[in-house]
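Numbering (the working numbering), first residue to last: 7 to 380.
Ideal placement from N, C-alpha and C gives every residue a C-beta, glycine not left out.
Remember, predicted model here, so these are calculated numbers, not experimental data.
Quick notes on the structure that follows.
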Amino acid sequence: MEERRTMQQSPPGETERKVAVRLSGVTKSFGDFAAVDDVSLDIYEGEFFSLLGPSGCGKTTTLRMIAGFEEPTAGEISVAGQQVQGVPPYKRPVNTVFQSYAIFPHLDVFDNVAFGLKRAGVKGDELRRRVTKACGMVQLAGYEKRRPNMLSGGQQQRVALARALVNRPKVLLLDEPLGALDLKLRKELQLELRTLQEEVGITFVYVTHDQEEALTMSDRIAVMNEGKVQQVADPATLYERPRNRFVAGFIGQTNVISGKVESVNGDRVLIKTAAGAEIEAIAHEEVRVEVGAEAHLAVRPEKLRFGNSGDNVFAAEVRQIVYLGASTQYIMKLADGGRLIVYQQNAHDATVNAAVGDEAQVSCDATNCLVLGG
Ligand SMILES: Nc1ncnc2c1ncn2[C@@H]1O[C@H](COP(=O)(O)OP(=O)(O)OP(=O)(O)O)[C@@H](O)[C@H]1O
Ligand SMILES: [Mg+2]
7 MEERRTMQQS PPGETERKVA VRLSGVTKSF GDFAAVDDVS LDIYEGEFFS
57 LLGPSGCGKT TTLRMIAGFE EPTAGEISVA GQQVQGVPPY KRPVNTVFQS
107 YAIFPHLDVF DNVAFGLKRA GVKGDELRRR VTKACGMVQL AGYEKRRPNM
157 LSGGQQQRVA LARALVNRPK VLLLDEPLGA LDLKLRKELQ LELRTLQEEV
207 GITFVYVTHD QEEALTMSDR IAVMNEGKVQ QVADPATLYE RPRNRFVAGF
257 IGQTNVISGK VESVNGDRVL IKTAAGAEIE AIAHEEVRVE VGAEAHLAVR
307 PEKLRFGNSG DNVFAAEVRQ IVYLGASTQY IMKLADGGRL IVYQQNAHDA
357 TVNAAVGDEA QVSCDATNCL VLGG
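Printed below as a string of structure tokens:
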């Protein structure tokens, strides 16, 4: 178990990378409620790492423990190779950017960004040079004399970023920093932040509940639910090889089909549904399957196609058609009453001719049907 976890969390071929933040068996309890429950994670130097999960799953609590605003109830945290237990926030080599713009309203941009450096005794030319550079990094050159009330929300958040980056922390912790911004600005800043992170090379630990945001920005993502890490992987692996039902449902859209395991042959698994259909699926090595046991399999809507050319063929009735521009979503009803969602690209040679009420066959390959773990 331990060995498998380590393998899972190492980026392929880069097992020798330096660890920036390590959480070992970290638990945080409030009364008898475990907000964070036995979390172990390695975050590598220079990585853009996201903690992703629904509201209340323990993301902020995890980040606050790395920052030093909370101490774990059990387990250990190290930053840049140093145990940080009992070390106050300001003595840790980390900085935090919060969702709300924690900048001083009475100070202009320059003085906001300079604040920490001044306290550390930096002055004169060096202070000016470093503050000007940090303002430039976040596209605020020329705004140094403005007060926060003369800045947009996005600009205020850039000030908070500059202030957090100016003293070059080893690790930057960001808790939904774009959460208060409108969608268009958020999308712009997502790309900007990613570029900035690559330029400065600082490890970013980024908290979000928005899966699209995490997929867009991250090298790797830890998906959390109810205080526990469900899976740690790069975006493509999370999408293509979700380990369990929670991850499959949280990352993108998916169809889940349930049945009993009829046979297992290597990674090929035959599953029989209650309606008697036999479905050939793949079980990855970390998923345990036993003949006779109940199993759930996931198939992404875009891996299904009309016709009977795949390994698995489903007969279903078209219930609803939703035109989405680049693709069309078909909501289908299976013979056993189950629902199947099918996406078809609206390519120039699209040939789907289904109408609501039609009986149709849809199919997929066994390699796109994944048996899910618990
Ligand atoms: N100081 C506290 N005392 C008691 N319970 C707390 C405290 N801080 C957090 N919790 C609880 O711990 C759980 C995790 O909270 P946390 O803030 O880490 O969630 P989150 O994943 O950041 O959620 P969101 O996406 O809504 O910000 C929640 O159920 C929350 O109510
Ligand atoms: Mg939070």
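Per DSSP, ASP342 lies in no alpha helix (DSSP H) and is assigned neither H nor E. Judged by beta-carbon spacing, CYS375 lies beyond the 8 Å limit of LEU276, meaning their Cβ atoms are not closer than that value.
The C-alpha of VAL213 is placed about 21 Å away from the C-alpha of PRO94. For the pair LYS339 and ALA353, the CB atoms are not nearer than the 8 Å cut-off. Under DSSP, ILE49 takes part in a beta bridge, and its partners are VAL27. By the Cβ neighbour-count rule, GLN217 is buried, with 16 or more other Cβ atoms within 10 Å of its own. By the Cβ rule, the region 73 to 89 does not count as touching the region 224 to 243, because fewer than three pairs are nearer than 8 Å.
Under DSSP, SER369 shares a beta bridge with ARG311, VAL319.
Of the other Cβ atoms in all chains shown, fewer than 16 fall within 10 Å of the Cβ of MET156; this residue is therefore exposed.
At a Cβ-Cβ threshold of 8 Å, GLY344 and ILE263 count as neighbours. The secondary-structure analysis by DSSP pairs TYR336 across a beta bridge with ILE327, VAL348. CA-CA distance, PRO154 to LYS176, rounds to 27 Å. DSSP places VAL206 outside any beta strand (DSSP E); the residue lies instead in the alpha helix (DSSP H), whose first and last residues are 189 to 206.
Rounded to the nearest angstrom, the gap between the Cα atoms of LEU202 and LEU171 is 10 Å. If you draw a straight line from the Cα of LEU180 to the Cα of ARG125, it is about 22 Å long.
Distance from the CA atom of GLU53 to the CA atom of ARG152, rounded to whole angstroms, is 33 Å. Between GLU77 and ASP342, the alpha-carbon positions lie close to 51 Å from each other.
Contact between ILE347 and ASN261 is confirmed by a C-beta separation of about 6 Å, below the 8 Å threshold. The alpha-carbon separation between GLU246 and ILE327 amounts to approximately 25 Å. Per DSSP, the beta bridge partners of THR209 are VAL177. Shortest Cα-Cα distance from ALA147 to any of VAL270, ALA287, VAL115 involves VAL115.
No Cβ-Cβ contact shorter than 8 Å links PHE55 with ASP240.
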